[in-house]
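Residue numbers (full-length UniProt numbering), protein chains in the order written: chain A, 1 to 448; chain B, 1 to 400. Even for Gly, the Cβ is constructed at its ideal location relative to N, Cα and C. As the structure is a prediction and not an experimental result, all values here were calculated from the model.
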Amino acid sequence: MSKTDVSRRGLLKTGALAGSGLALPTIFTAQSAHAYTNEPTGSSVTLGFNVPQTGPYADEGADELRAYQLAIEHLNGGGDGGMLNTFSSKALQGNGILGKEVKYVTGDTQTKSDAARASAKSMIEKDGAVMITGGSSSGVAVAVQALCQEAGVIFMAGLTHSNDTTGKDKRANGFRHFFNSYMSGAALAPVLANAYGKDRKAYHLTADYNWGYTTEEAVRSSTEAMGWETVAAVKTPLTQTDFSSYIAPVLQSGADTLILNHYGGNMVNSLTNAVQFGLRDKQVNGKDFQIVVPLYSRLMAKGAGANVKGIFGSTNWHWSLQDEGSKAFVRSFGTKYGFPPSQAAHTCYVQTLLYADAVQRAGSFAPCAVAEALEGYEFDGLGNGKTLYRAEDHQCFKDVLVVKGKENPTSEFDLLEIVEVTPVEQVTYAPDHPQFSGGALGTCNNGA
Amino acid sequence: MKSLTKNDLTLLVAVAFLTLFAPFILNPFPEGSAMAQFNAGYPDLMQRFVIFGIFAIGFNILFGLTGYLSFGHAAFLGVGSYAAVWMFKLLSMNVIPAIILSVIVAGLFSLLIGFVSLRRSGIYFSILTLAFAQMMFALAYSVLTPITGGETGLQLALDDPRILGSSQTPEGNIPVPGLFGMEMRDSFDLELGSWVFTFNIGYYFCALVLIASFYLAIRIFRSPFGMMLRAVKSNQQRMNYTGLNTRPYTLAAFVISGMYAGLAGGLMASMDPLAGAERMQWTASGEVVLMTILGGAGTLIGPVLGAGFIKYFENIFSKINATILHEWFAFLPDGLEDFIVAILYPFIGKGWHLTLGILFMMVVIFLPGGLVEGGQRIRSWLQARKSKNGRPNGTTEPAE
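Below, the structure written as structure tokens:
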């Protein structure tokens, strides 16, 4: 072909241009001017809110986003200040963070680790976010946490309950305020033993993924320590919507307690099935048959309707708490949106304040400085009583709530009642506890 | 070896130009302006453009040429990612061995799945591939958690062996994937006035792979083998009656496109060392079908365009939220502003699927040949206009 010559030259030209294009910026590179990733140089600072806006946890994501917007408003000095007034640290002045106005960008995690990472990456690379927060599933939290570690920004986890987030997958740039499976087990077991006795036979139905495994392990080991016996633990596929075939064998097994290690839609369906099968009216081993749900959320309680009445579970926080911090938060959230916040909203709001406060105290947005300010930090007034951000694994240690489905709910938000506030000492564990072994924090990364 | 025809060469040069200058092309709006929202020239998205472009090119070799519609192609992408991440964990952080292994592993899986699925054609073939892919997704998500990391995804850790590399950097962090010392995530910023252009090493690596894959696809399309595949599409029965066994050809096409998917998966893991099971879900398989049809099935450039289109929507439109809309329309009176925002809101942010769906429907209804057909129509329209305007009186007038 005679034309090949010309085009080859064209190709070479293109290559040469591209080459010079590549080489040129090394002269003008602006990268070295920054001490750490996305150092805010202007009058504002950008935070990235990465929440599920589509998919199974979209409702929780929407509530998280509301909480973030509220937190930004309060940080910038708007609204009634919310928990800033009750927070034990008074570093924040209501004039942004370090005098910089706080701005935010949002993204959709779709509750998929890939999508969540893509969205977090675009926040870091395109929008210049110095901190990423949010999420409503442990898989996403772990994935985004690892990304933030690599990129050199801080990750403040949203709703994530699996032990792994601050266990085997912990990272130096990641922090979790939410409680975890171990804490649920440790808080629930004594309450269950009191209510149902110490010689129960438990049957576990466990969602077949990481969070399910760690929750089953946690609940199992703490109830067995109380004298319960585990008859069987059956894994159910995450996509299961009809659990009848899993419920039927429960009665034949001789178990008198069913523990549903399910979350979200799984839990709504499995609990509904169990109740429809009449499990709760049965008598086994001379005892009333009981059902337990280790992790409760308001949205799940709403989905399961009347079936949750009298069923025990645990939560991180509940809007009916009567301490000053919770009251202030519920008040400003309610004023702005017209209904009380969920536990997901609470943890996200608190995480934002904690980050802002740490930056303020450290005097810098540099991730390592922020991490140092958060590690081993003790605070109060954010709704869970005295809380410690433990340095060894970046997990918050605070009181855990054991709740029960309310018998006579007064509104669609008033579905759970607090049975006991389990003191922090009872849910604290050693950093090298076997349920959390296998990971390493590494060192904090400032990026470049 | 025959050289390329002029048309194909133009196409290849065009693709090379578009990919190599993407940092400029995708960042048309100055930093800080209101339109900067629509800039797509940041490394992660550019990488995604070319990686999904490769994926779609490979898919098109199967679907566009043979007409076999695989609904489980994401499985090979996922398998490729897992293979690459395991290579990073065990061998070294160099991307070359990782990508080679991911192509090989994806090839083996596609050989196996293709061998079984290609016994049927049409909808039965689609359902079989879909079933295999969903099976692999379910396995990766739960049963095979020790190998795949389950829901959390397979990640690197500080205590991975990495025989030919170091387990951790001197600073105590996990090393990042690189190519003989060049880190994939390194980028240079070029500031020209208020424009900022980012040149990322990982992106250029992917871009070179895309150009190579595109060249390979051209060769396959123009080869006798490609002709055979097209014959399978137009009438497989007739070919069978002439005594020709088409199975080896279709199987080869299936394996090649599976290897393309594995290559894309390996690149994905090289850019971002994590492999999640969602990559193998049927929605991901459906996405590549959409990309190919949207761009134009059976054309060379179509799938690349389709991939870019969908990824742009997913990453740019999904990030526009109500606050940004209010900012845009702030100049309007309050009532009108709220009204316009209320109308637009369902189509942006989390509603990006809706916008994409509408566009997809319009393309399928009005441009059955995809975006490529749209381009062709515009070109022929322009040519027709030129030839009509060109010689109204037969002479050329000098411009004034």
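Taking C-beta pairs closer than 7 Å, name the residues in chain A that residue i reaches, listed in chain order.
i, result
"Pro43 (chain B)", "Glu125"
"Arg279 (chain B)", "Asp114"
"Asn315 (chain B)", "Ala118, Ser122"
Which bits of chain B does residue i rub up against, with CB to CB less than 8 Å?
i, result
"Phe211 (chain A)", "Before going on, a small fix: residue 211 (chain A) reads as Trp here, not Phe. In chain order: Glu151."
"Ser138 (chain A)", "Glu151, Thr152"
"Thr54 (chain A)", "Lys350, His353"
"Ala440 (chain A)", "Ala157, Leu158, Asp159"
"Asp63 (chain A)", "None at all; the shortest Cβ gap to chain B is about 14 Å."
"Asp393 (chain A)", "Chain B residues near Asp393 (chain A): none, gap ~14 Å exceeds 8 Å."
Taking C-beta to C-beta, are residue i and residue j nearer than 8 Å?
i, j, result
"Gln290 (chain A)", "Thr257 (chain A)", "yes"
"Asn173 (chain B)", "Asn445 (chain A)", "yes"
"Phe214 (chain B)", "Leu12 (chain B)", "yes"
"Thr165 (chain A)", "Val191 (chain A)", "no"
"Leu179 (chain B)", "Phe199 (chain B)", "no"
"Ala157 (chain A)", "Gly185 (chain A)", "no"
"Ala373 (chain A)", "Arg361 (chain A)", "yes"
"Lys233 (chain B)", "Gly122 (chain B)", "no"
"Glu392 (chain A)", "Pro367 (chain A)", "no"
"Val51 (chain A)", "Leu65 (chain A)", "yes"
"Ser136 (chain A)", "Gly212 (chain A)", "no"
"Glu314 (chain B)", "Trp352 (chain B)", "yes"
"Asp323 (chain A)", "Gly385 (chain A)", "yes"
"Met226 (chain A)", "Ala193 (chain A)", "yes"
"Gly85 (chain B)", "Ala269 (chain B)", "Sequence check: residue 85 (chain B) is Val here, not Gly. In contact: Val85 (chain B) and Ala269 (chain B) (Cβ atoms closer than 8 Å)."
Residues of chain A with a CB under 9 Å from the CB of residue i: which are they?
i, result
"Ile358 (chain B)", "Simply none; closest approach about 17 Å."
"Lys319 (chain B)", "Val105, Thr106, Gly107, Asp108, Ser119, Ser122, Met123, Lys126, Asp127"
"Arg48 (chain B)", "Ala118"
"Asp334 (chain B)", "Simply none; closest approach about 19 Å."
"Val176 (chain B)", "Glu150"
Hey, residue i and residue j are a contact pair by Cβ (cut 8 Å); roughly how many whole angstroms apart?
i, j, result
"Leu267 (chain B)", "Val209 (chain B)", "6 Å"
"Val304 (chain B)", "Gly298 (chain B)", "In fact, because the Cβ distance is near 13 Å, the residues do not count as touching under 8 Å."
"Thr239 (chain A)", "Asn269 (chain A)", "That pair is no contact at about 11 Å."
"Ala67 (chain A)", "Ala345 (chain A)", "4 Å"
"Asn210 (chain A)", "Ser297 (chain A)", "Incorrect: roughly 18 Å between the Cβ atoms, too far for contact."
"Gly80 (chain B)", "Val105 (chain B)", "7 Å"
"Ile154 (chain A)", "Val370 (chain A)", "5 Å"
"Ile218 (chain B)", "Asp8 (chain B)", "5 Å"
"Val419 (chain A)", "Ala187 (chain A)", "With a Cβ gap of about 10 Å, Val419 (chain A) and Ala187 (chain A) do not count as contacting."
"Tyr249 (chain B)", "Met228 (chain B)", "5 Å"
"Leu325 (chain B)", "Ile348 (chain B)", "7 Å"
"Val292 (chain A)", "Gly313 (chain A)", "7 Å"
What in chain B is Cβ-close to residue i, meaning under 7 Å?
i, result
"Val142 (chain A)", "Thr152"
"Asp59 (chain A)", "Chain B residues near Asp59 (chain A): none, gap ~12 Å exceeds 7 Å."
"Asp164 (chain A)", "Thr152"
"Ala146 (chain A)", "Gln155, Leu274"
"Asp208 (chain A)", "Ser142"
"Asp432 (chain A)", "What Asp432 (chain A) touches in chain B: nothing, since even the nearest Cβ is about 15 Å away."
Please compile the residues from chain B whose C-beta is within a distance smaller than 9 Å of the C-beta of residue i.
i, result
"Pro237 (chain A)", "Ala138, Tyr141, Ser142"
I want to verify the contact list: residues of chain A whose CB lies under 8 Å from the CB of residue i, in sequence order.
i, result
"Glu171 (chain B)", "Thr443, Asn445"
Using 8 Å as the threshold, is the region 234 to 243 of chain A in touch with the region 170 to 186 of chain A, meaning 3 or more CB pairs across them?
no
Pair every Cβ in the region 114 to 128 of chain A with every Cβ in the region 73 to 93 of chain A, then say whether three or more of these pairs are closer than 8 Å.
no
Ignoring anything shorter than 4 residues or poking outside the region 69 to 133 of chain A, list the alpha helix (DSSP H) runs there in chain order.
113 to 125
Can you list, in chain order, the stretches of the beta strand (DSSP E) that have 3 or more residues and sit fully within the region 271 to 350 of chain A?
290 to 295, 312 to 315
At what residue ranges does the region 1 to 25 of chain B contain a whole run of the beta strand (DSSP E), taking only runs of 3 or more?
none
Under 8 Å, with one C-beta from each stretch per pair, do the region 340 to 358 of chain A and the region 315 to 322 of chain A reach the 3-pair mark?
yes
Is the region 100 to 110 of chain A touching the region 65 to 83 of chain A, taking contact as three or more C-beta pairs under 8 Å?
yes
Do three or more CB pairs link the region 263 to 271 of chain A to the region 294 to 308 of chain A at distances below 8 Å?
yes
Does the region 196 to 206 of chain A come close enough to the region 126 to 142 of chain B to have 3 or more Cβ pairs within less than 8 Å?
no
Curious, which full-length alpha helix (DSSP H) runs of at least 4 residues does the region 221 to 268 of chain A contain?
244 to 252
Does the region 247 to 265 of chain B come close enough to the region 58 to 74 of chain B to have 3 or more Cβ pairs within less than 8 Å?
yes
Looking at C-beta atoms only, is the number of pairs between the region 125 to 138 of chain A and the region 40 to 52 of chain A that lie closer than 8 Å three or more?
yes
Does the region 274 to 293 of chain B touch the region 32 to 49 of chain B, meaning 3 or more C-beta pairs lie closer than 8 Å?
no
If contact is defined by three or more beta carbon pairs under 8 Å, each pair taking one atom from either stretch, is the region 154 to 172 of chain B in contact with the region 87 to 102 of chain B?
yes
Where in the region 288 to 350 of chain B do unbroken runs of the alpha helix (DSSP H), each at least 4 residues long, occur, reported from the N-terminal end onward?
302 to 315, 322 to 328, 334 to 344
At 4 residues or longer, what runs of the alpha helix (DSSP H) sit wholly inside the region 158 to 216 of chain B?
none
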